[in-house]
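Per UniProt numbering, the very first residue in the sequence shown carries number 1; after that it's consecutive. Ideal Cβ positions, reconstructed from N, Cα and C, are used throughout, including at glycine. Remember, predicted model here, so these are calculated numbers, not experimental data. Report on the structure given below.
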Amino acid sequence: MTSLDLRGAADRADLRLGAGALAGLDEFDRQSAILTWRGRMLNEHVSARVFSTLARQLERAGVRGDRPARVGAMVAEEWRHADRCAAVVEVLGGDPVVALPALPPVPEHEDADAIEAVLRNVISVSCLSETVAVALIDAERRAAGPPALQRLLAEILADEVGHARFGWRLVEEYAPSLSPTLRERLGDYLVIALDDLATHELSHLPARPSPSSAAEAVGVCDGHAARRLFFATVNEVIVPGLEASGLPALSAWRAAQELGAWASAQKVDPRARMTA
1 MTSLDLRGAA
11 DRADLRLGAG
21 ALAGLDEFDR
31 QSAILTWRGR
41 MLNEHVSARV
51 FSTLARQLER
61 AGVRGDRPAR
71 VGAMVAEEWR
81 HADRCAAVVE
91 VLGGDPVVAL
101 PALPPVPEHE
111 DADAIEAVLR
121 NVISVSCLSE
131 TVAVALIDAE
141 RRAAGPPALQ
151 RLLAEILADE
161 VGHARFGWRL
171 VEEYAPSLSP
181 TLRERLGDYL
191 VIALDDLATH
201 ELSHLPARPS
211 PSSAAEAVGV
221 CDGHAARRLF
231 FATVNEVIVP
241 GLEASGLPAL
251 SAWRAAQELG
261 AWASAQKVDP
271 RARMTA
C-alpha cells in the first residue's frame, strides 16, 4: 500500500513548541495529539487531490477568469497544510507517515452538464466542507496554547477562509442565471451532500471531551463542543447562505436529517437539529 511520508516537516516549517508546551502532556495525551494531527495530515492530502480535480472541471466548463488557476493554487496550499500538520506530529514525537487508503474518485456528475457538475462540487467542497473547516480550525486556534501552534493554525485558517469564499462567490455569481429546474436539481443534490457532510464530520468528531486541558492546548478537540459548532455552522451559516442564493437548502437539510443514519445512530442532540 502506498504511504504518505512527510518526515522532515518540522525542519521545513521551522516549528518548535518548546519543552514547556509539552510538559503537561501525559503519554495518553501525547498519543491522542499525534493521532489527531496525523489524521489531519491525511485529510489535507486528500483535499489537495479534490482541488486538483475541481480545477480541471472548471476548465472543461469554461468558467471564466482566473478561477481555474486559483483552484490550482489551492492544491499547493493544501499540500502545505499537510506538511504543517506533519510538522506538529514530529514535534510531538510521532512519525508523520500514514498509509494511503483506497479513495473513491472525485465525482464527475455524468448525469449533469458541465456547469451543474462544477456547481455541485463547488458547493460540496467550498460551501460545505471548507466552511465547516473554517469554524473548527478557528476554534482550535483559539484553544491552542503554544504561540507557535497558534501561528500555524492561523496560517492554515487564512487559506481555508479563501477556499470557502471561492465557492460562495462562484455560487453567488451563477445564482441569478439558474433556472427553476436547475435550482431544484441542486436542491436534490444538497440532500446527498449534506448527508455526506454530516456523516463525515461526525465520524471524525468523537462524542467525548478532550482527555485534558493540556491535550486540548495542542489540538485534541472537545468532541462535544466541536459537534455543537458543526451544527451551528450548518444551521447559521451554510443553510442561510445557500438560501440567499435561491437554493432550497433548508428543506434539503431537513431531508438529510431524516435520511441520515447519523441523526439517530450518532445520538445527535435534538437541540442541534434545524427547527426553524
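C-alpha of R141 to C-alpha of P147: approximately 10 Å in a straight line. For A112, no alpha helix (DSSP H) segment is defined, and its DSSP state is neither H nor E. P209 has its alpha-carbon roughly 8 Å from the corresponding atom of A225. In the three-state reduction of the DSSP assignment, D159 falls in the helix class, which pools H, G and I. Bridge pairing for A99: S3 [DSSP]. Pairing G187 with L205 gives a Cβ-Cβ distance that is not under 8 Å. By a beta-carbon distance limit of 8 Å, M41 does not contact V132. Their separation comes to about 18 Å. Under the three-state reduction of DSSP, D222 is assigned to coil, being neither helix nor strand. Across the structure, E173 and A198 are spaced so that their CA atoms are roughly 27 Å apart.
Looking at the backbone, the Cα of V88 and that of D138 are separated by about 17 Å. Of the candidates L149, I156, S245, S245 places its Cα closest to the Cα of P180. If you check the CB distance, D195 and L259 come in under 8 Å. Exclusion of the five residues before and after L6 leaves D83, A86, P96 as the residues of its chain whose Cβ lies within less than 6 Å of its Cβ.
For the 8 Å CB-CB criterion, E59 and P68 form a contact. DSSP places S129 outside any alpha helix (DSSP H), giving it a letter other than H or E.
Only buried fits F51, as 16 or more other CB atoms lie within 10 angstroms of its CB. With fewer than 16 other Cβ atoms from the protein chains shown falling within 10 Å of its own Cβ, D113 counts as exposed. Judged by DSSP secondary structure, A87 falls within the alpha helix (DSSP H) whose first and last residues are 67-91.
Setting aside the 5 residues that flank it on each side, L17 is surrounded in the same chain by V91, P146, A148, each with a C-beta closer than 6 Å to its C-beta; the list follows chain order.
The DSSP assignment places complete alpha helix (DSSP H) segments of no fewer than 4 residues inside the stretch 217-263 at 223-233, 239-244, 249-259, in order along the chain.
In the three-state scheme derived from DSSP, where H, G and I count as helix and E and B as strand, L17 is classed as coil. Selection R183, L100, S47, L190 evaluated against I156 yields S47 as nearest (Cα-Cα). One Cα belongs to Q150, the other to L229, and the distance between them is close to 19 Å. One thing to note: V220 has its Cβ within 8 Å of the Cβ of A33.
Pairing L152 with L54 gives a Cβ-Cβ distance that is not under 8 Å.
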